Amino acid sequence: MDCLKFNKVHSDFRFNGISYTKEVLKEAAYSFIKEGEPYEKDIGQFLLDWLDDSQTVEVRTSGSTGTPKRIRLQKYHMRNSALATGEFFGLRPGSSALLCLSADYIAGKMMLVRALVLGLHLDSMAPVSNPLHLNRKKYDFGAFVPMQLQNATEQIGNIRTLLVGGAALPAPLKQKSRNSATRIFETYGMTETITHVAVKEIGSGFNTENETESFKALPDVVFSVDKRNCLIIEAPRVSEQPVITNDVVHLISETEFEWLGRYDNVVNSGGVKLFPEQIEQKLENIIEKRFFVVGIPDDQLGQKLILVIEGETDLDILKQKIATLSSFGKFETPREIIALPQFLETETGKVQRQLTIDGLL
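Per the working numbering, the very first residue in the sequence shown carries number 1079; after that it's consecutive.
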């Protein structure tokens, strides 16, 4: 396939208010790399990669569920992903968008691709914790990580449609976000699927009709499960081969599923399979600090479930609060609670569970 057919610059594309031809955008990219801030250097490097004659782009995974690695993605798959997003969310040439994610990773790269392919008017800024703190502009479209949504809920109404990904959304944050008229979508995807292949809409205070606990597929995406009940993704527009995940799901249909947790996180305690992510959802309303539950080796049970919390905490009071939770199953109460000064993270701010607890084992 001729790369020149899909790495053109849309005539309606604007970047920070400026219109660019392909050649002028290359010159701007060189300037970003030479003179820009660190986040601008990442933008410049990706623009050069996208605009060259190669059929592929090298990207790196975040490393939240395994060792970070570099993979090559087909540019026409990235273009197809941008078109699917535009179709699903009704983006048109001239729609305004905000890039506040690092262009060193796929989510930030794809905001640039969507703008180039769909003709969006894209503003960029450093990937700070609250992108809307000093930015009062209104946008049609944007993408955040959960931490950014947490810090920007007061101003979130300035974005009409917002994607939130990179980690699961805590229940208290979902509830807090419902006070906005913004359409907020929790996304499911990964680097290998070129960001999201499914979304879950979070109801707002103005519209709760579309709220759901299941993820629904984007156009031309089909789901199935393997013998582990792990999700298999068939998305021919963005991947030539099915993507076999380690995400355990309840498959509702070939286009809809409920996410239960990571297969590699499942705790087998005395023969009972426990999903840490499901237990964490039940704890979110009583624990304000960052935490996670995990299984560690135990002579009697094989694995025992423990709760790990970040920062100084009154463990006795926390145990009392947990004891009052009526939603807990018989085996879901953590058998031990451990407080650590700080969790280990990936470069994108995701908690590295296994590395964090390695020192405890």
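Virtual Cβ for every residue (Gly too), placed ideally from N, Cα, C.
These numbers come from a predicted model, not from an experiment.
Nearest residue (CA-CA) to residue i, options the options
i, options, result
"L1196", "Q1228, S1207, A1160, F1219", "A1160"
"F1370", "L1190, V1429, E1115", "V1429"
"V1345", "S1255, R1238, I1357", "I1357"
"A1313", "R1306, N1307, I1322, T1391", "I1322"
"L1247", "V1300, F1301, N1363", "N1363"
"T1273", "S1258, F1409, F1091, M1189", "M1189"
"I1149", "E1355, L1383, R1431, S1317", "S1317"
"I1374", "L1385, K1367, R1368, I1365", "L1385"
"A1107", "L1126, T1099, A1230, T1231", "L1126"
"Q1228", "K1216, N1257, E1334", "N1257"
"L1169", "F1091, V1242, Q1133", "F1091"
"V1275", "I1311, I1234, V1350, I1111", "I1311"
"N1236", "K1086, K1215, G1244", "K1215"
Beta-carbon gap between residue i and residue j smaller than 8 Å
i, j, result
"A1175", "F1124", "no"
"K1153", "V1135", "yes"
"R1192", "T1163", "yes"
"A1278", "F1293", "In the sequence as presented, Ala is not what sits at residue 1278; that position holds Lys. Yes. Within cutoff."
"I1416", "L1438", "yes"
"F1166", "P1320", "no"
"L1338", "V1303", "no"
"A1468", "E1115", "Because the chain here runs from 1079 to 1439, residue 1468 falls outside it and cannot be looked at."
"V1223", "G1348", "no"
Burial state of residue i (16 or more Cβ within 10 Å)
i, result
"V1102", "exposed"
"E1446", "It is not possible to answer for residue 1446, since the shown part of the chain is limited to 1079 through 1439."
"D1377", "exposed"
"Q1420", "exposed"
"N1285", "Annotation note: pLDDT 49 at N1285 (below 50); position unreliable, coordinate value reported separately. It is exposed - the Cβ of N1285 has fewer than 16 other Cβ atoms within 10 Å."
"Q1253", "exposed"
"D1201", "buried"
"R1443", "Absent from the structure is residue 1443, since the part of the chain shown begins at 1079 and ends at 1439."
"L1433", "exposed"
"T1265", "buried"
"G1283", "With a pLDDT of only 45 at G1283, under the threshold of 50, the placement of this residue in the model should not be trusted; the figure read from the coordinates follows. Per the 10 Å Cβ criterion, exposed."
"Q1226", "buried"
"H1211", "exposed"
"R1157", "buried"
"T1402", "exposed"
"S1255", "buried"
"P1209", "buried"
"T1239", "buried"
"K1187", "buried"
"A1259", "exposed"
"P1354", "buried"
"N1094", "exposed"
"G1267", "buried"
"S1180", "buried"
"I1096", "exposed"
"D1182", "buried"
"S1404", "exposed"
"H1199", "buried"
DSSP-derived helix/strand/coil call for residue i
i, result
"F1284", "Note that F1284 scores a pLDDT of 44, beneath 50, so its modelled location is shaky; the value from the coordinates is reported in the next line. Coil, per DSSP."
"E1414", "strand"
"A1276", "strand"
"F1335", "strand"
"G1095", "coil"
"Q1381", "strand"
"H1199", "strand"
"E1105", "helix"
"R1256", "coil"
"F1293", "strand"
"T1265", "strand"
"V1345", "strand"
"T1434", "helix"
"D1298", "coil"
"R1192", "helix"
"D1325", "strand"
"E1388", "strand"
"T1239", "strand"
"Q1420", "coil"
"P1205", "coil"
"D1131", "coil"
"A1027", "In the structure as shown, the chain starts at 1079 and stops at 1439, and residue 1027 therefore has no counterpart that could be examined."
"D1376", "strand"
"Q1356", "helix"
"A1175", "strand"
"Q1398", "helix"
"M1079", "Residue placement at M1079 is poorly supported in this model, since its pLDDT is 48, which falls under 50; the coordinates are not used for a value here."
Residue-chain proximity (residue i, chain C), Cβ-Cβ < 8 Å
i, result
"P1320", "You won't find chain C in this structure, because it holds only one protein chain."
beta-carbon residue i near the ligand GDP non-hydrogen atom, thresh 7 Å
i, result
"Q1152", "Looking at this structure, you won't find the ligand GDP or any other ligand, since it has none at all."
Integer Cβ distance of residue i from residue j, believed to fall under 8 Å
i, j, result
"V1372", "R1431", "6 Å"
"F1406", "K1360", "6 Å"
"I1395", "K1367", "Rounded, the Cβ-Cβ distance is 13 Å, inconsistent with contact."
"L1194", "H1088", "6 Å"
"F1301", "F1335", "6 Å"
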